[in-house]
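One structure below.
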Amino acid sequence: MLAKKGDWVQIELTILTPEQRAPQIPEDTKKVPLKARLKGFLVDEVASLGAVVTVRTPSGRLVTGTLVSVNPKYEHDFGEPVPELITIGLELRQILEETAEEKNLGGEM
Amino acid sequence: MRDLSYSAVMARRAEIMRKAVGIDYEKFIIDGFAFDYEGMMKEVGYSIEEVRKIQAETCVGNTPLVELKNINKLIRKIAPKGKGARIFLKDEATNPSGSFKDRRAAVSVYHAQKLGYKGVIAATSGNYGAAVASQAAKRGLKCIIVQECYDSHWRGQPEILEKGRACEAYGAEVVQLTVGPELFYYTLVLLEETGYFNASLYSPYAIAGIETLGYEIAEQMLKLTGRFPDAVVVTHAGGGLITGTARGLKKAGAFNTKVIGASVDLRGLHMASDTDFNRKYFTTGHTGFGIPFAVFPDRSDVPKNAARPLRYMDRYVLVTQGEVFYVTEMLAHLEGLQRGPAGNTSLAAAFALALEMDEDQTIVVNETEYTGAGKLPSAQLTFAKKMGMIVKRGHPIFEDKPGQVIAIPEHPSQIGVIEYPVEELKKSYLKELIKREGRTQFTEAEWKFLEEDLRATREQIENWIAEIRDKI
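For the record, the sequence lines run as chains P and G.
Taking the UniProt record's numbering, the leading residue of the first sequence gets 1, the next gets one more, and so forth.
Taking the UniProt record's numbering, the leading residue of the second sequence gets 1, the next gets one more, and so forth.
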């Protein structure tokens, strides 16, 4: 995919390589670099995914990194219906609407 | 050319901070680790009246406080005779960016503008980012939010991704990092590069901003019920909410109201671990922040943290992820309020506490937060299942296993709390202090400071030290 100057894009950059990381972090984290993703408007005339580009961020900074997305989409969503949650409302309403008598009967069953 | 290595930047920390917060913290140091907390709050903080005025300018505060009548009915149905306190909820989601964090951000951004800063930076993966971005938009300042967002496979926490989206909606630049405490390092790099104000969650301005919340609760409860509440339950993470709320309650005269902290139990998961990062389904309000920030508040991004929870916390309880998801459903279905989930941590605890308190007593849950994509229980649990968690109906405390099993209660009577004695937090505070300082002999000023910071007598502290000395 090609991006042109002024497009809203996302870049990726390495902030610290594994060797440069803080001494106190756990082993699994120490094995991987500290990376960042940020968005901005493309400064280069034209670029394809994977190219090293510069963007102007909303605060006005110029940042250089690898182009990973053009017009990046928000990918988080509402999730799927969760069976373990879906009946909770009905169950609670039933408890609320239960009369004392029904509760006693329920207890005997 | 500045040296941007981790050690070089961390070595410049004090200097960067002084420029970025505009507070000379040195001025408040009395002796060793002792510092003049109240002096710092007084001199650089703002009075309740000033804060109310500042917050009113940007529509922050004065949120509704409502009785949860249907939930209270449910509590009466299942509580033992004579028990079942009434729960009231402070609907902080009605603030401009959807959480109490607007109170903190309002004062910080106002102060940044007053001092002439061109922009603000905040290191936060929480609602505070959106709050700072929203306030900066209103006051015409630039804004950068730094989040810890992804694991090393670029799997983002849905809740944090949503908070990032919200920040962008207010025009902020959002820097999304992979897991690691070096979030703080990179924030220093950005502060140095831009010369912006550090809108820290832990500055005296931020904490002064929350005092209005406690103050309003006291006023509203007095009006609604004729007296101050018996207890206020506060979701506890970094300690700011409990500190500010308690200070506000006291300023309004509510000295006998118990202040109870509540966190989601995520003990056993390492907060800086790349693998554990996406095995938790609450990104705030949990023990991963709650315990470390209580036992060593000055681990924060400012030299002296204005959030000091052990000065104010009367009791500390833990609830499970499953319980909070359950009460989030309860709040939506019984009260018509779709909120949370992280902000409902205190509601889950309040539900359990109401069952043990007398029916003529009152409890206030001091916050709610906006919800939606990424944040909803359905979003979090879909993600949990994708990450291999077992999600089931079951006993939420006995069957809960952070990082493995999320048990959603089968019945509201299963909602309970896990007690975490405040005394244990105080002992851990001392243990860490002694390790850092390498001594158990303190000056008179340090003793006085410890008595205040731990809200304990010298004798109590000496006994705790004697108890833990062997273990150090």
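By construction, the Cβ of each residue, glycine as well, lies at the ideal position given by its N, Cα and C atoms.
* Return the CA-CA distance between E67 (chain G) and I87 (chain G), expressed in angstroms with no decimal places. => Taking the second sequence and counting its residues from 1, one reaches residue 67 (chain G) at position 67. Taking the second sequence and counting its residues from 1, one reaches residue 87 (chain G) at position 87. The alpha-carbon separation between E67 (chain G) and I87 (chain G) amounts to approximately 6 Å.
* Give the interface partners of residue 495 (chain G) over in chain P, defined as CB-CB distance under 9 Å, in chain order. => Missing from the structure shown is residue 495 (chain G); chain G here goes from 1 to 472 and no further.
* To do: At 4 residues or longer, and completely inside the stretch 347 to 434 of chain G: list those alpha helix (DSSP H) runs for me, N to C.
  => For the stretch 347 to 434 of chain G, whole alpha helix (DSSP H) runs of length 4 or above, ordered along the chain, are 377 to 386.
* **Within chain P, the residues that I408 (chain G) reaches when beta carbons sit closer than 8 Å** => The sequence position of residue 408 (chain G) within the second sequence is 408, counting from 1. Neighbourhood of I408 (chain G) in chain P, by CB distance below 8 Å: E84, L85 and I88, in chain order.
* Would you identify the three-state DSSP class for D31 (chain G), choosing helix, strand or coil? => The residue given as residue 31 (chain G) occupies position 31 in the second sequence. Residue state, collapsed to three classes: strand.
* May I ask you to list the residues that DSSP assigns as paired with I144 (chain G)? => Here the question's residue 144 (chain G) lines up with position 144 in the second sequence. According to DSSP, which records beta bridges pairwise, I144 (chain G) is partnered with G:I121 and G:E173.
* A36 (chain P) lies in the beta strand (DSSP E); which residues open and close that run? -> The count along the first sequence starts at 1 and reaches residue 36 (chain P) at position 36. In the DSSP assignment, A36 (chain P) falls within the unbroken beta strand (DSSP E) covering L34 to L42.
* Near V302 (chain G), what residues of its chain come up, given a Cβ to Cβ distance below 7 Å and the 5 sequence neighbours on each side ignored? -> The count along the second sequence starts at 1 and reaches residue 302 (chain G) at position 302. Contacts found: M17, V21, S200, Y202 and S203.
* Asked: Q176 (chain G) touches chain P at which residues, Cβ-Cβ below 8 Å?
  -> Here residue 176 (chain G) corresponds to residue number 176 of the second sequence, with the count starting at 1. Neighbourhood of Q176 (chain G) in chain P, by CB distance below 8 Å: A36, R37 and L38, in chain order.
* **Span of the alpha helix (DSSP H) around V82 (chain P)** => As a working note, residue 82 (chain P) is residue 82 in the first sequence. Boundaries cannot be given for V82 (chain P), as no alpha helix (DSSP H) includes it and DSSP labels it neither H nor E.
* Asked: What residues match up with L16 (chain P) in a beta bridge as DSSP calls it?
  -> Position 16 of the first sequence, counted from the start, is the residue given in the question as residue 16 (chain P). The partner list for L16 (chain P) (beta bridge, DSSP) reads P:L34.
* Beta-carbon proximity check, L96 (chain P) vs V9 (chain P), cutoff 8 Å -> The residue you call residue 96 (chain P) lines up with position 96 of the first sequence. The residue you call residue 9 (chain P) lines up with position 9 of the first sequence. L96 (chain P) is not a Cβ neighbour of V9 (chain P), given a cutoff of 8 Å.
* **Alpha-carbon to alpha-carbon, D274 (chain G) and V405 (chain G)** => Stepping through the second sequence from its first residue, residue 405 (chain G) is reached at position 405. Stepping through the second sequence from its first residue, residue 274 (chain G) is reached at position 274. Between V405 (chain G) and D274 (chain G), the C-alpha separation is close to 19 Å.
* Residue environment, K375 (chain G), which counts as buried when at least 16 other CB atoms sit within 10 Å -> As a working note, residue 375 (chain G) is residue 375 in the second sequence. Classification for K375 (chain G): buried.
* Close Cβ partners of N305 (chain G) (< 6 Å) along its chain, the five nearest in sequence each way excluded -> Residue mapping note: residue 305 (chain G) aligns to position 305 of the second sequence, counting from 1. Beyond the five residues adjoining it in sequence on each side, N305 (chain G) comes within less than 6 Å, by CB distance, of Y202, P297 and D298 in the same chain, given in chain order.
* Asked: Do you know whose CA, among P:K5, P:Q20 and P:P83, lies nearest D3 (chain G)'s CA?
  -> As a first step, residue 3 (chain G) must be located in the second sequence, where it is residue number 3. Nearest option by C-alpha distance: P:Q20.
* Closest by CA to Y316 (chain G), which one among G:S7, G:N344, G:I242 and G:M357? -> For the purposes of this step, residue 316 (chain G) is identified with residue 316 of the second sequence, where counting begins at 1. With distances taken between Cα atoms, Y316 (chain G) lies closest to G:I242.
* Asked: Along the chain, where does the alpha helix (DSSP H) that runs through T287 (chain G) open and close?
  -> Start at 1 with the first residue of the second sequence, and residue 287 (chain G) comes out as number 287. That run of the alpha helix (DSSP H) goes T287 to V295.
* For F216 (chain G), is the classification buried or exposed, using 16 other Cβ atoms within 10 angstroms of its Cβ as the cut-off for buried? -> In the second sequence, counting from the first residue as 1, residue 216 (chain G) sits at position 216. Correcting the residue type first, residue 216 (chain G) is Glu in the shown sequence and not Phe. In summary, E216 (chain G) is buried, with 16 or more beta-carbon neighbours lying within 10 Å of its beta-carbon over all protein chains present.
* Taking the beta strand (DSSP E) that I54 (chain G) falls in, what are its first and last residues? -> For this step, residue 54 (chain G) is matched to residue 54 along the second sequence. Here I54 (chain G) belongs to no beta strand (DSSP E); instead the alpha helix (DSSP H) covers I48 to E57.
* **Selection of the stretch 56 to 85 of chain G by Cβ proximity to chain P, strictly under 7 Å** => Answer in chain order: N70, K73, L74 and K77.
* Asked: Where M40 (chain G) and A34 (chain G) are concerned, what is the direct C-alpha to C-alpha distance, given to the nearest angstrom?
  -> The sequence position of residue 40 (chain G) within the second sequence is 40, counting from 1. The sequence position of residue 34 (chain G) within the second sequence is 34, counting from 1. CA-to-CA, the gap between M40 (chain G) and A34 (chain G) works out to about 12 Å.
* To do: Any chance you could list the alpha helix (DSSP H) runs of at least 4 consecutive residues sitting entirely within the stretch 161 to 232 of chain G, in chain order?
  => Runs found: 183 to 194 and 204 to 225.
* To do: Taking only the alpha-carbon atoms, compute the straight-line gap between I121 (chain G) and G84 (chain G) and give it to the nearest angstrom.
  => As a first step, residue 121 (chain G) must be located in the second sequence, where it is residue number 121. As a first step, residue 84 (chain G) must be located in the second sequence, where it is residue number 84. When rounded, the distance between both Cα atoms is 44 Å.
* Asked: Would E211 (chain G) pass as a contact of I54 (chain G) if the rule is Cβ separation under 8 Å?
  -> By one-based count along the second sequence, residue 211 (chain G) stands at place 211. By one-based count along the second sequence, residue 54 (chain G) stands at place 54. Not in contact: E211 (chain G) and I54 (chain G) (Cβ atoms no closer than 8 Å).
* To do: For my contact list, P33 (chain P) and T14 (chain P) are in at a C-beta cut-off of 8 Å; report their separation, rounded to the angstrom.
  => Position 33 of the first sequence, counted from the first residue, corresponds to residue 33 (chain P). Position 14 of the first sequence, counted from the first residue, corresponds to residue 14 (chain P). Going by Cβ atoms, the distance from P33 (chain P) to T14 (chain P) rounds to 5 Å, so yes, they are a contact pair.
* To do: Report yes if the C-beta distance between K35 (chain P) and T178 (chain G) is below 8 Å; otherwise report no.
  => For this step, residue 35 (chain P) is matched to residue 35 along the first sequence. For this step, residue 178 (chain G) is matched to residue 178 along the second sequence. The Cβ atoms of K35 (chain P) and T178 (chain G) sit closer than 8 Å to each other.
* To do: Label K142 (chain G) either buried or exposed according to how many other C-beta atoms from any shown protein chain fall within 10 Å of its C-beta, with 16 as the threshold for buried.
  => In the second sequence, the residue the question calls residue 142 (chain G) occupies position 142. The residue is buried, with at least 16 neighbouring Cβ atoms inside 10 Å.
* **Start-to-end residues for the beta strand (DSSP E) that takes in F88 (chain G)** => The residue you call residue 88 (chain G) lines up with position 88 of the second sequence. Where F88 (chain G) is concerned, the enclosing beta strand (DSSP E) stretches over R86 to K90.
* **Interface residues of chain G facing T66 (chain P) [CB-CB closer than 7 Å]** => Stepping through the first sequence from its first residue, residue 66 (chain P) is reached at position 66. In chain order: nothing, as chain G lies at least about 13 Å away.
* Residue environment, M1 (chain G), which counts as buried when at least 16 other CB atoms sit within 10 Å -> By 1-based counting over the second sequence, the position of residue 1 (chain G) is 1. Result: exposed.
* To do: Specify, as a first and last residue, the run of the beta strand (DSSP E) that S263 (chain G) falls within.
  => Your numbering for residue 263 (chain G) matches position 263 in the second sequence. For S263 (chain G), the uninterrupted beta strand (DSSP E) run begins and ends at K258 to V264, by DSSP.
* Quick one: what does DSSP say W154 (chain G) is sitting in, helix, strand or coil? -> Residue mapping note: residue 154 (chain G) aligns to position 154 of the second sequence, counting from 1. The DSSP-derived three-state label of W154 (chain G) is coil.
* Asked: Anyone know if the C-beta pair for I86 (chain P) and M330 (chain G) falls short of 8 Å?
  -> Against the first sequence, residue 86 (chain P) aligns to sequence position 86. Against the second sequence, residue 330 (chain G) aligns to sequence position 330. It is not a contact, given that the beta carbons lie outside the stated cut-off.
* Asked: Okay, do the stretch 338 to 354 of chain G and the stretch 369 to 386 of chain G touch, 3+ Cβ pairs below 8 Å being the bar?
  -> Taking 8 Å as the limit for Cβ pairs, the verdict is that the stretch 369 to 386 of chain G does touch the stretch 338 to 354 of chain G.
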